[in-house]
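Protein chains in written order, with the working numbering: chain A, 26 to 87; chain B, 142 to 406. Backbone N, C-alpha and C fix where the C-beta goes; we use that ideal spot for every residue, glycine too. All values reported here derive from a predicted model rather than from experimental measurement. Worksheet: the structure to be examined is printed underneath.
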């Protein structure tokens, strides 16, 4: 898969999907919500995110 | 208390070669029990214990780095063996804890591995430029054409109410057309994939797409069945080319959205 898949795609799957196994430390729902809030707050502009290398090039697809 | 915790990536069936390094450059190891293998890394408690973890998750650089490293471990074995992906931040005090988990969850995990064998997840997104949609409706909707004609030759004030009606009409038609397009693509996907779920549409700022994301679907596909998904995507784009539609595929992904529940559920 392409390296430059968007962070938001990754986070949606890694935090929103996958099996929730009762490990010794697992995230509470509130913690997950906070990550999404943080994402929005931090990615205030497409330009900033592109600088960080977090967003795919415009129009990239398989 | 040791200085390290055990970070778990996924559960796999047949043990296979240890892959590359994982989160924070830590080596990836296997823990085996009950005929299953979990891929894990030992990680520093200072960075991964609960309070530190919460702090780090709100650091976008940390999250991006760890999420990608975690995903890379899964993708390294994707296609070689079936995997049950675990949610990010599944940690254990020790490898014994991992073994206990494998023993306790053996039935559900074995069932999941069997159900997911030879299958991958693919992301399908529909993106449409709403401005293009608006233009198309202004040109082709009989009501819009009529209202525009009505506005001709009227003063600014006289045209005002008609303009407001026109805007409302265009907005409604855009929404209806967008919803119909998303439903149509979803129906076509349902016909050619094993399973399909919709994920929340993504904010353009976060996703990097300009235009409205009308559908954000995750599909479970037999490894041999990807071509028909590509075909659906390509034909849909052609059919809606006049509206500037783009159908973006991502994959293959580990099956994050399709791990079945307990065998008896």
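From residue i to residue j, what distance separates their C-alpha atoms?
i, j, result
"residue 209 of chain B", "residue 300 of chain B", "55 Å"
"residue 343 of chain B", "residue 271 of chain B", "15 Å"
"residue 196 of chain B", "residue 305 of chain B", "49 Å"
"residue 330 of chain B", "residue 313 of chain B", "26 Å"
"residue 373 of chain B", "residue 322 of chain B", "13 Å"
"residue 361 of chain B", "residue 257 of chain B", "9 Å"
"residue 253 of chain B", "residue 277 of chain B", "47 Å"
"residue 36 of chain A", "residue 264 of chain B", "13 Å"
"residue 307 of chain B", "residue 285 of chain B", "6 Å"
"residue 211 of chain B", "residue 309 of chain B", "47 Å"
"residue 203 of chain B", "residue 234 of chain B", "22 Å"
"residue 267 of chain B", "residue 368 of chain B", "18 Å"
"residue 174 of chain B", "residue 58 of chain A", "33 Å"
"residue 76 of chain A", "residue 206 of chain B", "For residue 76 of chain A, the predicted model reports a pLDDT of 49, less than 50, meaning its position is unreliable; a value from the coordinates is still stated below. One C-alpha to the other measures close to 15 Å."
"residue 60 of chain A", "residue 241 of chain B", "29 Å"
"residue 382 of chain B", "residue 337 of chain B", "24 Å"
"residue 236 of chain B", "residue 148 of chain B", "10 Å"
"residue 166 of chain B", "residue 319 of chain B", "44 Å"
"residue 224 of chain B", "residue 245 of chain B", "18 Å"
"residue 48 of chain A", "residue 164 of chain B", "17 Å"
"residue 52 of chain A", "residue 194 of chain B", "9 Å"
"residue 44 of chain A", "residue 38 of chain A", "11 Å"
"residue 317 of chain B", "residue 341 of chain B", "19 Å"
"residue 42 of chain A", "residue 296 of chain B", "57 Å"
"residue 408 of chain B", "residue 182 of chain B", "Past the boundaries of the shown model lies residue 408 of chain B; chain B is included only from 142 to 406, so the question cannot be answered."
Assuming contact is defined by CB atoms lying nearer than 8 Å, are residue i and residue j in contact in what I supplied?
i, j, result
"residue 384 of chain B", "residue 273 of chain B", "yes"
"residue 262 of chain B", "residue 395 of chain B", "yes"
"residue 275 of chain B", "residue 218 of chain B", "no"
"residue 229 of chain B", "residue 40 of chain A", "yes"
"residue 333 of chain B", "residue 370 of chain B", "yes"
"residue 34 of chain A", "residue 339 of chain B", "no"
"residue 201 of chain B", "residue 56 of chain A", "no"
"residue 315 of chain B", "residue 239 of chain B", "no"
Is residue i close to chain E? Criterion is C-beta to C-beta, closer than 8 Å.
i, result
"residue 381 of chain B", "No chain E is present in this structure, whose protein chains are A and B."
Leaving out five residues before and five after residue i in sequence, what residues of the same chain have Cβ atoms less than 7 Å from its Cβ?
i, result
"residue 303 of chain B", "288, 291 and 292"
"residue 162 of chain B", "168 and 169"
"residue 222 of chain B", "153, 154, 155 and 157"
"residue 213 of chain B", "none"
"residue 365 of chain B", "none"
"residue 376 of chain B", "none"
Under 6 Å Cβ to Cβ from residue i, same chain only, skipping five residues before and after it: list those, please.
i, result
"residue 146 of chain B", "184, 186, 189 and 232"
"residue 84 of chain A", "Confidence is the limiting factor: at residue 84 of chain A the pLDDT is only 36, short of 50, which leaves the residue's position unreliable and the question unanswerable from this model."
"residue 386 of chain B", "269 and 378"
"residue 27 of chain A", "Confidence at residue 27 of chain A is low in this model, with a pLDDT of 42, below 50, so its placement is unreliable and no value can be given for it."
"residue 220 of chain B", "none"
"residue 279 of chain B", "285"
"residue 144 of chain B", "186"
If you drop the 5 nearest sequence neighbours on each side, which residues of the same chain put their C-beta closer than 8 Å to that of residue i?
i, result
"residue 226 of chain B", "150, 151, 215, 395, 396, 397 and 400"
"residue 363 of chain B", "259, 260 and 335"
"residue 324 of chain B", "none"
Below 8 Å on the Cβ atoms is my guess for residue i versus residue j; work out the distance and round it to an integer in Å.
i, j, result
"residue 243 of chain B", "residue 177 of chain B", "5 Å"
"residue 358 of chain B", "residue 327 of chain B", "7 Å"
"residue 191 of chain B", "residue 46 of chain A", "Actually they are not in contact, since the Cβ atoms of residue 191 of chain B and residue 46 of chain A sit about 16 Å apart, beyond 8 Å."
Determine, using beta-carbon pairs with one atom in the region 247 to 254 of chain B and one in the region 351 to 360 of chain B, whether at least three such pairs fall under 8 Å.
The way I'd put it, the region 247 to 254 of chain B doesn't touch the region 351 to 360 of chain B; fewer than three beta-carbon pairs between them come closer than 8 Å.
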